[in-house]
Amino acid sequence: MNRFERQHIIRIIKEIEQKGEIPIAKKAYYLYQKLGDIYQYKSNYKYLNYNTEEEMQNKKKVYYEGTTEEGDGICKDINETYVEALGMLGIEAHLSSFGKKFPHVDACFKDEIGNWYYTDLTADIMHIKTGMKIRNFGLSEKKIIEKGKRKRIEPIYLRYIETMKQENEGKEFAEIDEETLKSWDEEFGYSYQGLYTNDILDMLLTEVQNEELIVDFFGTDQKDELAQRKIDFIMEKIEIANVHRRKKIGAVEAISYYTKVINKVLTEEERKYIKLCRAFVEEDGKRKASDILAIEMQNENVYYWYNGRNQIFEKITREELLKSDIKCHSTKEDKEDISLFVNYLEGRFNQEKTEGVEK
Numbered sequence: 454m455n456r457f458e459r460q461h462i463i464r465i466i467k468e469i470e471q472k473g474e475i476p477i478a479k480k481a482y483y484l485y486q487k488l489g490d491i492y493q494y495k496s497n498y499k500y501l502n503y504n505t506e507e508e509m510q511n512k513k514k515v516y517y518e519g520t521t522e523e524g525d526g527i528c529k530d531i532n533e534t535y536v537e538a539l540g541m542l543g544i545e546a547h548l549s550s551f552g553k554k555f556p557h558v559d560a561c562f563k564d565e566i567g568n569w570y571y572t573d574l575t576a577d578i579m580h581i582k583t584g585m586k587i588r589n590f591g592l593s594e595k596k597i598i599e600k601g602k603r604k605r606i607e608p609i610y611l612r613y614i615e616t617m618k619q620e621n622e623g624k625e626f627a628e629i630d631e632e633t634l635k636s637w638d639e640e641f642g643y644s645y646q647g648l649y650t651n652d653i654l655d656m657l658l659t660e661v662q663n664e665e666l667i668v669d670f671f672g673t674d675q676k677d678e679l680a681q682r683k684i685d686f687i688m689e690k691i692e693i694a695n696v697h698r699r700k701k702i703g704a705v706e707a708i709s710y711y712t713k714v715i716n717k718v719l720t721e722e723e724r725k726y727i728k729l730c731r732a733f734v735e736e737d738g739k740r741k742a743s744d745i746l747a748i749e750m751q752n753e754n755v756y757y758w759y760n761g762r763n764q765i766f767e768k769i770t771r772e773e774l775l776k777s778d779i780k781c782h783s784t785k786e787d788k789e790d791i792s793l794f795v796n797y798l799e800g801r802f803n804q805e806k807t808e809g810v811e812k
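Residues in the sequence shown are numbered consecutively from 454, following my numbering.
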């Protein structure tokens, strides 16, 4: 725990103490929620490979360097601090991890009647920063396994759960239901009149399903044009959940947020025109996320790049993109040139030359 983290934790603990006698799980949730406000995931770690010995040492250095004084961290740093802070509240807690080279780390805690709860604060930072429903606090064993399925690593999660059970006195994780979390969110002032950002997005989705209204609003019934105009609308009107703009949000969380919004607002057919390239720029020896979002159009493709300073995707011309220092994330050094992504979309090269590009 560094100075930055400690000062925030002392403040949060004082806020919890002012609430009087409340259950342990509720204390742990308040702490979890408030810590989510101060962190952002290290984008330079996310974009580091470890195929060579030099890359391995670079990734290892970042993995063990701890949280920065600006709140940039990884799962290991963030959950270690959460467990330490729980201890300061008198709550029994420990870390759990899976993986060999660079293990992913989660946290577990125990309540006053002996129930154990699973949490993964790293996975909820984006939700907390943007006012969405918190998804990774107090999950049941079944939901943890479903999480593994979504990540396509279900066998790993099954083994992971068995290990965690042994660490938790052989007990299965207790679940905190959504209604309880919702009532706590309303009490803590996290949700707005009981609404989350998810609810606003669902309202947008309802409107999207009204095809006549959408065609009239955007002035076209061409699917590629609709996709492009909807994305323009998202970037201009929605931003990073405007009401939460006072909070600093990292590139990893911001890109995740925009991806979620786009998936909500675009129809399945419109999403076929969207391609995402995990990309970065190098500044001060560090890789900083600068993902590229492209829309395949009949005449000329439209490109957006993630501007970390403005925390939003901004339009960029094909020529500007090719002249930029942006590189496409890849496992092979000779495949990082952003022109490979552009050429792939324009059909100049075969798909073999697009390793590292997410469709």
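The beta carbon of each residue, even a glycine, is placed where N, CA and C say it ideally should be. It should be emphasised that the depicted structure is a prediction, and the values quoted were computed from it without experimental measurement.
- In the structure shown, Phe626 adopts coil according to DSSP, grouped into three states.
- Residue pairing by DSSP places His547 opposite Cys561 in a beta bridge.
- Inter-segment contact for the stretch 570-585 and the stretch 702-722 is present: three or more beta-carbon pairs are separated by less than 8 Å.
- The C-beta of Ser636 has fewer than 16 other C-beta atoms within 10 Å across all chains shown, which makes the residue exposed.
- Our two residues, Lys513 and Tyr711, have alpha carbons roughly 30 Å apart in a direct line.
- With a minimum length of 3 residues, the unbroken runs of beta strand (DSSP E) contained wholly in the stretch 680-763 fall at 727-730, 732-736, 739-742, 745-748 and 755-760.
- Shown here for Thr673: same chain residues with a beta carbon closer than 8 Å to its own, the five before and five after excluded, namely Leu679 and Arg682 in chain order.
- Take Ile791, set aside five residues on each side of it, and the residues of its chain with a beta-carbon closer than 8 Å to its own are Cys730, Ala732, Ile745, Leu774, Leu775, Ser777, Ile779, Lys780 and Cys781, in chain order.
- Nearest C-alpha to Phe551 among Glu522, Val734, Lys741 and Met617: Met617.
- Counted as a single uninterrupted DSSP element, the alpha helix (DSSP H) harbouring Lys776 occupies residues Arg771 to Lys776.
- By the Cβ criterion, the stretch 736-745 is not in contact with the stretch 521-530, since fewer than three pairs of Cβ atoms, one from each stretch, lie closer than 8 Å.
- Contact between Gly489 and Asp573 does not hold, since their C-beta atoms are separated by about 11 Å, which reaches or exceeds 8 Å.
- Across the set Val515, Ile614, Gly540 and Glu533, the C-alpha of Val515 shows the shortest separation from the C-alpha of Phe555.
- Here Ala747 is actually not in contact with Gly591; their C-beta atoms are around 39 Å apart, not less than 8 Å.
- In the DSSP assignment, Tyr498 falls within the alpha helix (DSSP H) that extends over Ser496 to Lys499.
- For Thr583, the enclosing alpha helix (DSSP H) begins and ends at Ile578 to Thr583.
- Classified as exposed, Thr505 has fewer than 16 neighbouring CB atoms from the shown chains inside 10 Å of its CB.
- Contact between the stretch 603-610 and the stretch 642-656 is absent: fewer than three C-beta pairs spanning the two stretches fall below 8 Å.
- Secondary-structure assignment with DSSP links Leu648 through a beta bridge to Tyr645.
- In the structure shown, the three-state DSSP call for Phe794 is helix.
- Closest in alpha carbon position to Asn754, among Asp737, Glu772 and Gly761, is Glu772.
- In its chain, beyond the 5 residues on either side, Glu607 and Tyr610 have a beta carbon closer than 6 Å to the beta carbon of Gly601.
- In this structure, Lys725 lies near Lys676, with their beta-carbon atoms less than 9 Å apart.
- The beta-carbon separation of Lys586 and Tyr492, rounded to 18 Å, does not stay under the 8 Å limit for a contact.
- Under the DSSP assignment, Tyr570 falls in the beta strand (DSSP E) whose first and last residues are Trp569 to Thr572.
- The continuous alpha helix (DSSP H) containing Asp530 extends over residues Cys528 to Met541.
- Per DSSP, Phe590 lies in no alpha helix (DSSP H) segment and is marked neither H nor E.
- Looking at the DSSP output, Ile765 shares a beta bridge with Asn760.
- Secondary-structure assignment with DSSP links Asp525 through a beta bridge to Gln493.
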